[in-house]
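For the first sequence, this note's numbering begins at 40 and goes up steadily by one. Ideal placement from N, C-alpha and C gives every residue a C-beta, glycine not left out. Given the structure is predicted, the values throughout are model-derived calculations rather than measurements. Have a look at the structure below before the remarks.
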Amino acid sequence: MAQKPSIPKGTRDFSPSEMVKRNYIFDLIKDVFRLYGFQPIETPAMENLSTLMGKYGEEGDKLLFKILNSGDFISKVSDEALAEKNPNKLTPQISEKGLRYDLTVPFARFVVQYQNEITFPFKRYQIQPVWRADRPQKGRYREFYQCDVDVIGSNSLLNEVELVQIIDDVFSRLKINTVVKINNRKILAGIAEIVGENERITDITVAIDKLEKIGLEKVNAELAEKGVSDLAIERLQPILALEGSSVEKAAQLEKILEKSETGLKGVGEIEKLFSYLGQLGLNTDIELDLTLARGLNYYTGAIFEVKAKDFEIGSICGGGRYDDLTGIFGLPNVSGVGVSFGAERIYDILAQLNLFPQKTADTTKVLFANFGEKEEAYCLPVLAELRKNGINSEIFPDKAKMQKQMTYANKKEIPFVVLAGESEIQANSFTLKNMETGEQKSLSAGELIKILSF
RNA sequence: GUGGUUGUAGUUCAGUCGGUUAGAACGUCGGAUUGUGGUUCCGAAGGUCGUGGGUUCGAAUCCCAUCAUCCACCCCA
């Protein structure tokens with residue numbers, strides 16, 4: 040036998056039955072996005088490396104898939120660069136394109152590029168695959184889809200409110216119990232300021248992000264290891280120990296952060312957001328979580344993360360406000376906010392919890408059995424008529440044994456089979472068989488179409 | 001990038017102490033049944049035991065390397 044074919048690490052094929060389920064998720068999410076006035080865009084799978092590099096931190100740059108230049112790319116490389124074997128120097132000479140790492144940065148590029156054609160605020164959604172050269176593991180792939188919604192060109196907190204409503208709407212429809220965790224980068228910045236470690240905001244947030252997972256002691260150890268002073272760690276303790284409802288936490292923070300202008304601004308934003316959301320009667324729980332940091336370093340305001348309550352899989356949706364993402368591309372002072380739904384993890388949850396709907400409109404409703412040439416000709420006009428009426432139908436393409444044709448219908452879960460052979464042609468009729476009950480009826484072409492239209 | 005796990009038929013897995021011709025179930029195909037399926041019965045096809053090297057009279061089995069895989073960490077959806 041020839042060598043067994045395979046696909047690259049961390050990628051997957053999707054079978055017809057998987058696609059039906061995936062489309063259920065995508066369609067549902069799109070429906071909600073449109074409901075709030077968002078419009079679709081698409082961008083290319085590959086971007087110029089200059090667009091991508093440096094936007095996701097050092098770690099992110101390493102995880103970018105880079106595309107080799109075409110043609111005789113190696114002869115153009117200088118001998119020193121080759122001899123040095125330094126990837127940072129060599130890579131720019133042999134690769135100038137990369138696969139997109141997320142949808143937000145390409146979106147920022149899009150906005151800057153078409154700024155004169157776009158009407159702001161610009162509300163767009165985008166559902167496309169992204170690629171990361173990460174080691175795959177559970178719930179983690181090298182190619183996966185993101186479903187992004189962003190609104191750019193508006194500072195209003197109303198956008199944050201709407202995004203939480205969208206999250207609530209999507210997961211209510213999917214029947215997944217979730218909790219939306221909300222924090223604000225300005226609060227985190229304020230904390231770093233109060234504690235006296237302004238410079239170390241990233242180290243501090245990354246460390247406290249792990250609080251729930253590794254515990255207070257290890258977080259403190261990691262902070263010390265990163266070079267945060269003992270005094271700062273000590274000052275941090277009361278903040279990490281904050282308890283109570285989201286509103287109560289915010290009130291306490293107001294006091295703690297009273298000397299930090301940024302921090303107070305963040306608290307103010309949080310209070311307003313929670314007050315609006317409180318009036319909306321959401322199905323989803325929302326809570327202020329000070330340990331929520333989120334890795335991507337372009338966030339500047341609110342940050343969101345959604346976790347499933349009944350399933351351990353990490354976050355299934357996340358996002359936040361970024362005040363200056365387009366600045367790097369030459370369009371400063373444009374604020375945006377958005378969230379991204381992780382379709383693959385949502386799929387895993389729905390599959391495990393058996394929450395996919397049983398019936399879908401995607402599959403074939405009726406199969407015409409094939410008895411031979413004369414019978415084919417007899418069936419074709421009716422088949423065409425059924426399709427005109429929007430009924431998914433097909434005819435078995437070969438004159439095969441009944442058993443094979445029936446098995447085909449079973450495997451594809453086709454609920455009806457039409458039998459039309461010699462005797463039906465004589466009687467100018469069709470036999471409709473219900474594959475679930477086994478019941479058979481003799482019908483005229485008109486009756487057949489009428490019955491199947493339901 | 002770091003640590004570990006597992007690689008045997010299309011799939012899930014057996015395979016004893018290293019022993020001669022590597023098994024099962026499911027799936028596939030054919031037949032019982034030339035116009036009636038899901039159940040049943042019979043039969044068949046399907047293998048470089050991940051790959052390369054080593055030890056041995058003899059390796060799916062032991063050793064080394066390599067590739068792949070899954071899991072955890074870093075990070076993240």
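Residue i versus residue j: straight-line alpha-carbon distance, rounded
{"i": "residue 348", "j": "residue 146", "result": "31 Å"}
{"i": "residue 231", "j": "residue 363", "result": "21 Å"}
{"i": "residue 282", "j": "residue 288", "result": "6 Å"}
{"i": "residue 314", "j": "residue 206", "result": "17 Å"}
{"i": "residue 77", "j": "residue 333", "result": "25 Å"}
{"i": "residue 469", "j": "residue 164", "result": "47 Å"}
{"i": "residue 97", "j": "residue 107", "result": "21 Å"}
{"i": "residue 40", "j": "residue 450", "result": "Bear in mind that a pLDDT of 38 at residue 40, under 50, signals an unreliable position, so the number given afterwards is only what the model happens to contain. If you take the alpha carbons of residue 40 and residue 450, they lie about 28 Å apart."}
{"i": "residue 462", "j": "residue 477", "result": "20 Å"}
{"i": "residue 68", "j": "residue 270", "result": "47 Å"}
{"i": "residue 62", "j": "residue 397", "result": "14 Å"}
{"i": "residue 490", "j": "residue 182", "result": "44 Å"}
{"i": "residue 79", "j": "residue 277", "result": "45 Å"}
{"i": "residue 272", "j": "residue 236", "result": "10 Å"}
{"i": "residue 433", "j": "residue 184", "result": "32 Å"}
{"i": "residue 324", "j": "residue 60", "result": "26 Å"}
{"i": "residue 48", "j": "residue 176", "result": "10 Å"}
{"i": "residue 104", "j": "residue 94", "result": "14 Å"}
{"i": "residue 298", "j": "residue 233", "result": "7 Å"}
{"i": "residue 268", "j": "residue 303", "result": "24 Å"}
{"i": "residue 156", "j": "residue 169", "result": "26 Å"}
{"i": "residue 414", "j": "residue 447", "result": "19 Å"}
{"i": "residue 484", "j": "residue 200", "result": "54 Å"}
{"i": "residue 189", "j": "residue 369", "result": "19 Å"}
{"i": "residue 262", "j": "residue 292", "result": "21 Å"}
{"i": "residue 136", "j": "residue 493", "result": "51 Å"}
{"i": "residue 133", "j": "residue 117", "result": "11 Å"}
Residue i and residue j closer than 8 Å at C-beta
{"i": "residue 378", "j": "residue 343", "result": "yes"}
{"i": "residue 166", "j": "residue 385", "result": "no"}
{"i": "residue 149", "j": "residue 192", "result": "no"}
{"i": "residue 71", "j": "residue 209", "result": "yes"}
{"i": "residue 186", "j": "residue 382", "result": "yes"}
{"i": "residue 376", "j": "residue 87", "result": "no"}
{"i": "residue 405", "j": "residue 389", "result": "no"}
{"i": "residue 144", "j": "residue 217", "result": "no"}
{"i": "residue 222", "j": "residue 296", "result": "no"}
{"i": "residue 172", "j": "residue 102", "result": "yes"}
{"i": "residue 494", "j": "residue 250", "result": "Coverage of the chain is limited to positions 40 through 493, which leaves residue 494 absent and any answer about it impossible."}
{"i": "residue 85", "j": "residue 138", "result": "yes"}
{"i": "residue 341", "j": "residue 316", "result": "no"}
{"i": "residue 355", "j": "residue 417", "result": "no"}
{"i": "residue 50", "j": "residue 180", "result": "yes"}
{"i": "residue 196", "j": "residue 308", "result": "yes"}
{"i": "residue 454", "j": "residue 474", "result": "yes"}
{"i": "residue 357", "j": "residue 345", "result": "yes"}
{"i": "residue 403", "j": "residue 428", "result": "no"}
Residue(s) in a DSSP beta bridge with residue i
{"i": "residue 217", "result": "347"}
{"i": "residue 85", "result": "138"}
{"i": "residue 470", "result": "458, 481"}
{"i": "residue 179", "result": "176"}
{"i": "residue 163", "result": "78, 189"}
Counted within 10 angstroms of its Cβ, other Cβ atoms place residue i as buried (16 or more) or exposed
{"i": "residue 338", "result": "buried"}
{"i": "residue 394", "result": "exposed"}
{"i": "residue 225", "result": "buried"}
{"i": "residue 243", "result": "buried"}
{"i": "residue 113", "result": "exposed"}
{"i": "residue 444", "result": "buried"}
{"i": "residue 286", "result": "exposed"}
{"i": "residue 212", "result": "exposed"}
{"i": "residue 248", "result": "buried"}
{"i": "residue 214", "result": "exposed"}
{"i": "residue 480", "result": "exposed"}
{"i": "residue 329", "result": "buried"}
{"i": "residue 360", "result": "buried"}
{"i": "residue 153", "result": "exposed"}
{"i": "residue 419", "result": "exposed"}
{"i": "residue 423", "result": "exposed"}
{"i": "residue 229", "result": "buried"}
{"i": "residue 220", "result": "buried"}
#### Entry: Continuous alpha helix (DSSP H) assignments of at least 4 residues falling wholly in the segment 318-385
none
Report task. Quick one: which unbroken alpha helix (DSSP H) runs of 4-plus residues sit fully inside the segment 385-446? Chain order, please. Result -> 412-427
Exercise. List in chain order: all unbroken beta strand (DSSP E) runs of 3+ residues lying wholly within the segment 214-280.
Key: 217-223
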